[in-house]
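Peer 1: Below are the structure tokens for one structure; questions will follow.
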Amino acid sequence: MTDLKGRSLLTLLDFTAEEISYLIDYAIELKERKRSGRKGDLLEGKNIVLLFDKASTRTRCAFEVAAFDEGARVTYLSNSQMGKKESMEDTARVLGRFYDGIEFRGYKQETVEALARWSGVPVWNGLTDTYHPTQVLADFMTAKEHLGKPFHEMKLVFVGDGRNNVATSLMIGAAKLGMDFTAACPEELHPDESMLNAMQVLGKETGAEIGWSSDLHEAVKGADVIYTDVWVSMGEDDKFAERIGLLKPYQVSMDVIRASGNPNVIFEHCLPAFHDLETEIGRDVAQKYGLEEMEVTDEVFRSSHSVVFDEAENRMHTIKAVMAATCCS
Ligand code: CP
Ligand code: NVA
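The numbers in the working numbering rise by one with no breaks, and the one at position 311 of the sequence shown is 315.
Here it is as structure tokens:
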């Protein structure tokens, strides 16, 4: 029996393969339960606070809907005293007196760690500059639903900024579960050396081959999942020119999908994605750099390979599983 009561989810590094698999299977069960119309009460009487220092659509809505579905009440806080007029310790101690669980999205990993250290309640990382662990639970759940084979038989290729929060978290999750992982990226954006080494060592135990390659077509050969993310993460907004220069050859097009050699390969993206000119930033980039699609072409995004909206839905089921498992009575 996996007991996660009282635990925080700050990074997947803190969780075993069994615990990660348990959360994914629990999310699949909760998804079925919701589909069948059964009402939940797993978080009845709980109060949850959502702290957002960065923008969000999916993560905020996933936490709110998951909480409402299971009977919890939610406070959304985006302009608190935290860190400005009040220390992390004092803020965390106050929030811990009011709430049964705390979600945090922001910049530094140290902030979410401080909240966990001082609040005395479970804290869930809704994305920092370093990690995005709840995202990976949804990504792996979606892969499991679509591929119908065990994680240790899958190969996931992340294409893009190999050092970002999503790429790093995918690499950790893959190493834990025995899934092969390659970051296809230019030399300048390869995964952090020490994290890569640690995950390669772990991969030797779990059977995961972990690495990176600047040769995109070689990297995606035999992939079950081709994954990409935005080239410029939140908080790096002055980096568009540099990243476009580095990552233009790494755009996920139908050629890249075909280079996998796998007709059943799925395409994943954490979203939001720049695949057309329907966004302000997308139009601005098109005007300045003449690029109408960035990390993924509209053709791939809308293709039968793409499972991005299942992935988005699964954010809610996996976050519900995390809250229910860690914050239950
Ligand atoms: N994938 C993800 O975290 O989306 P949001 O930024 O909309 O929360
Ligand atoms: N790497 C992206 C992920 C967004 C969900 C960012 O941090 O902006």
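Glycine included, C-beta positions come from ideal geometry on N, C-alpha and C.
(1) Once DSSP output is grouped into helix, strand and coil, what is the label at GLY105?
(2) For a quick check, are the C-beta atoms of ILE323 and PHE67 less than 7 Å apart?
(3) Does DSSP classify LYS159 as helix, strand or coil?
(4) Within a Cβ cutoff of 7 Å, which residues of the same chain sit near GLY10, ignoring the five residues on either side of it in sequence?
(5) Could you say which of GLN139, ASN168, PHE305 lies nearest to LEU27 if we only look at CA atoms?
(6) Shortest alpha-carbon distance to SER12 belongs to which of GLY105, GLN85, HIS150?
(7) Given 6 Å as the limit, tell me if VAL170 has its C-beta closer than that to any heavy atom belonging to the ligand NVA.
(8) Using CA coordinates, which residue listed in THR301, ASP94, ARG37, TYR135 is at the minimum distance from ALA118?
(9) In chain order, which beta strand (DSSP E) runs of at least 3 residues are fully inside the segment 77-125?
(10) Please report how far the alpha carbon of GLY44 lies from the alpha carbon of ASP7, in whole angstroms.
(11) Hey, is the segment 137-153 in contact with the segment 204-215, meaning 3+ C-beta pairs nearer than 8 Å?
(12) Taking all protein chains shown into account, decide if VAL326 is buried (16 or more other Cβ within 10 angstroms of its Cβ) or exposed.
(13) Grouping DSSP H, G and I as helix and E and B as strand, with all else coil, what is GLU209?
(14) Going by CA-CA distance only, name the one from LEU281, VAL312, SER308, ARG306 that's closest to GLU297.
(15) According to the neighbour-count rule (16 or more other Cβ atoms, all chains shown, within 10 Å of its Cβ), is GLY226 buried or exposed?
(16) Tell me whether ASP2, by its Cβ, gets closer than 6 Å to a heavy atom of the ligand NVA.
(17) Could you pull the start and end residues of the alpha helix (DSSP H) that GLU23 belongs to?
(18) Within the same chain, show all residues whose beta-carbon is closer than 8 Å to that of HIS150, passing over the 5 residues directly before and after it, in chain order.
(19) Please state if the CB of VAL224 and the CB of SER198 are separated by a distance shorter than 7 Å.
(20) Please report the straight-line C-alpha distance between LYS208 and ALA179, rounded to a whole angstrom.
(21) Which residue comes first and which comes last in the alpha helix (DSSP H) that contains ASP184?
(22) Within 10 angstroms of the Cβ of VAL237, are there 16 or more other Cβ atoms? Answer buried if so, exposed if not.
(23) Who does ILE52 pair with in a DSSP beta bridge?
(24) Contact criterion: CB-CB distance below 7 Å. Does PHE185 meet it with respect to chain D?
(25) Can you give me the start and stop residues for the alpha helix (DSSP H) that PHE67 sits inside?
(26) Quick check on the burial criterion: 16 or more other C-beta atoms within 10 angstroms. Buried or exposed for MET258?
(27) In whole angstroms, what is the alpha-carbon distance linking GLY87 and SER308?
(28) Using a Cβ-Cβ cutoff of less than 6 Å, which residues in the same chain neighbour THR210 once the five nearest sequence positions on both sides are dropped?
(29) Where PRO190 and LEU250 are concerned, what is the direct C-alpha to C-alpha distance, given to the nearest angstrom?
(30) Just grab the DSSP bridge partners of GLY215 for me.
(31) For my contact list, ASN129 and THR15 are in at a C-beta cut-off of 8 Å; report their separation, rounded to the angstrom.
(32) Going along the chain, which residues of its own chain have a beta-carbon closer than 6 Å to the beta-carbon of ASN51, five neighbours each way excluded?
(33) Are the beta-carbon atoms belonging to LYS58 and GLY110 less than 7 Å from one another?
(34) Rounded to the nearest angstrom, what separates GLU114 and ASP133 at their Cα positions?
Peer 2: The short version:
(1) On the sequence shown, position 101 is the one that residue 105 refers to. Correct three-state label for GLY105: strand.
(2) For the purposes of this step, residue 323 is taken as residue 319 along the sequence shown, with counting starting at 1. For the purposes of this step, residue 67 is taken as residue 63 along the sequence shown, with counting starting at 1. Result yes, Cβ atoms of ILE323 and PHE67 sit closer than 7 Å.
(3) Here residue 159 refers to the residue found at position 155 when the sequence shown is read from its first residue. LYS159 falls in the strand class under three-state DSSP.
(4) In the sequence shown, residue 10 corresponds to position 6, counting from 1. Answer for GLY10: PRO126, THR330, listed in chain order.
(5) As a working mapping, residue 27 is identified with position 23 in the sequence shown. Closest option to LEU27, Cα to Cα, is GLN139.
(6) The residue labelled residue 12 in the question sits at position 8 within the sequence shown. For the residues GLY105, GLN85, HIS150, the minimum Cα distance to SER12 belongs to GLY105.
(7) As a working note, residue 170 is residue 166 in the sequence shown. Because some heavy atom of the ligand NVA lies under 6 Å away, the Cβ of VAL170 counts as near it: yes.
(8) By one-based count along the sequence shown, residue 118 stands at place 114. Closest by alpha carbon: ASP94.
(9) 77-81, 105-109
(10) Along the sequence shown, one-based indexing puts residue 44 at 40. Along the sequence shown, one-based indexing puts residue 7 at 3. In a straight line, the C-alpha of GLY44 is about 19 Å away from that of ASP7.
(11) no
(12) Taking the first residue of the sequence shown as 1, we reach residue 326 at position 322. Classification of VAL326: buried, given that the 10 Å Cβ count is 16 or more.
(13) If you number the sequence shown from 1, residue 209 lands on position 205. Of the three classes helix, strand and coil, the one that applies to GLU209 here is helix, per DSSP.
(14) For the purposes of this step, residue 297 is taken as the residue at position 293 of the sequence shown. Nearest C-alpha to GLU297: LEU281.
(15) Counted from its first residue, the sequence shown places residue 226 at position 222. So GLY226 counts as exposed.
(16) Summary: the structure shown does not reach residue 2, with the chain confined to residues 5 through 333, and so no result is reported for it.
(17) Counting from 1 along the sequence shown, the entry for residue 23 is found at position 19. It spans 21-39 - the alpha helix (DSSP H) in which GLU23 sits, taken as one unbroken run.
(18) One-based indexing of the sequence shown puts residue 150 at position 146. The residues are ILE270, VAL311, ASP314.
(19) Here residue 198 refers to the residue found at position 194 when the sequence shown is read from its first residue. Here residue 224 refers to the residue found at position 220 when the sequence shown is read from its first residue. No, Cβ-Cβ distance for SER198 and VAL224 is not below 7 Å.
(20) Taking the first residue of the sequence shown as 1, we reach residue 208 at position 204. Taking the first residue of the sequence shown as 1, we reach residue 179 at position 175. Cα-Cα distance, rounded: 9 Å.
(21) One-based indexing of the sequence shown puts residue 184 at position 180. That residue, ASP184, is in no alpha helix (DSSP H); its beta strand (DSSP E) goes 184-188.
(22) As a first step, residue 237 must be located in the sequence shown, where it is residue number 233. In the sequence as presented, Val is not what sits at residue 237; that position holds Ser. SER237 is buried by the Cβ-count criterion.
(23) On the sequence shown, residue 52 is found 48 positions in, with the first residue counted as 1. ILE52 is bridged to VAL78, GLY105.
(24) Judged by its chain identifiers, the structure shown contains no chain D, having just a single protein chain.
(25) Taking the first residue of the sequence shown as 1, we reach residue 67 at position 63. Taken as a continuous stretch (DSSP letters only), the alpha helix (DSSP H) holding PHE67 covers 62-73.
(26) Counted from its first residue, the sequence shown places residue 258 at position 254. That one is exposed.
(27) For the purposes of this step, residue 87 is taken as residue 83 along the sequence shown, with counting starting at 1. For the purposes of this step, residue 308 is taken as residue 304 along the sequence shown, with counting starting at 1. Looking at the two C-alpha atoms, the distance is approximately 45 Å.
(28) Translated into the one-based positions of the sequence shown, residue 210 becomes position 206. Contacts found: GLY182.
(29) On the sequence shown, residue 190 is found 186 positions in, with the first residue counted as 1. On the sequence shown, residue 250 is found 246 positions in, with the first residue counted as 1. Cα-Cα distance, rounded: 7 Å.
(30) By one-based count along the sequence shown, residue 215 stands at place 211. Per DSSP, THR186.
(31) Position 125 of the sequence shown, counted from the first residue, corresponds to residue 129. Position 11 of the sequence shown, counted from the first residue, corresponds to residue 15. Correct: roughly 7 Å between the Cβ atoms.
(32) Here residue 51 refers to the residue found at position 47 when the sequence shown is read from its first residue. Excluding residues within five positions, the ones whose Cβ falls inside 6 Å are ARG77, TYR103, ASP104.
(33) As a working mapping, residue 58 is identified with position 54 in the sequence shown. As a working mapping, residue 110 is identified with position 106 in the sequence shown. For LYS58 and GLY110, yes; Cβs fall inside 7 Å.
(34) Here the question's residue 114 lines up with position 110 in the sequence shown. Here the question's residue 133 lines up with position 129 in the sequence shown. In a straight line, the C-alpha of GLU114 is about 10 Å away from that of ASP133.
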